[in-house]
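Down below is the structure, laid out as structure tokens.
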Amino acid sequence: MPAYIIAQLAFTDLEAYRRYQRAFPAVFARFDAQLLVADEAPEILEGEWPRDKVVVMQFQDKDAARAFQNDPGYAAIARDRKAGADAVVLLVEGLRLPGR
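The numbers in the sequence shown follow the working numbering, run straight up by one, and end at 244.
Okay, structure coming up:
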């Protein structure tokens, strides 16, 4: 069943975050995953959202998502993400749709 990592970010040091952003594609490419959303200007339709960016990544399953999150190569670049943004990061499971 597919799993998704959803990150909601509030930038604190844009230079550090941009370093992370430049390094991310090479690390992410090593995983069988898809970057579905990386939006720095989401339209808020309801409520308040004190963040600057939302990211959604799709993985084969939760184990694959955890493998990415715990990868030493990702940890090396994630230092800049953590320095550059306050983040809420969620791991969620996709829906099992009838007939699939």
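Just so it is clear, CB atoms sit at the ideal spot from N, CA and C, and this is done for glycine as well.
Three-state secondary structure assigned by DSSP to Glu237: Translated into the one-based positions of the sequence shown, residue 237 becomes position 93. In this structure, Glu237 counts as strand in the three-state DSSP scheme.
Alpha carbons only, please: which of Phe155, Gln152, Ala208, Ala182 is nearest the one belonging to Pro146? In the sequence shown, the residue the question calls residue 146 occupies position 2. Distances from the CA of Pro146 to each of Phe155, Gln152, Ala208, Ala182 were compared; the closest alpha carbon is that of Ala208.
Quick one: residues in its chain with C-beta nearer than 7 Å to the C-beta of Tyr218, no 5 flanking neighbours on either side, listed in chain order? Within the sequence shown, residue 218 is the residue found at index 74, counting from 1. Taking Tyr218 as the centre and dropping the five residues before and after it, the same chain places the C-beta of Val171, Phe212 closer than 7 Å to its C-beta, in chain order.
Take the Cβ of Ala185 as the centre, count every other Cβ of all protein chains shown within 10 Å, and call the residue buried at 16 or more, exposed below. Within the sequence shown, the letter at position 41 stands for residue 185. Around the beta-carbon of Ala185, fewer than 16 other beta-carbon atoms lie within 10 Å, marking it exposed.
Return helix, strand or coil for Ala151, following the three-state DSSP convention. On the sequence shown, position 7 is the one that residue 151 refers to. Collapsing the DSSP output to three states places Ala151 in a strand.
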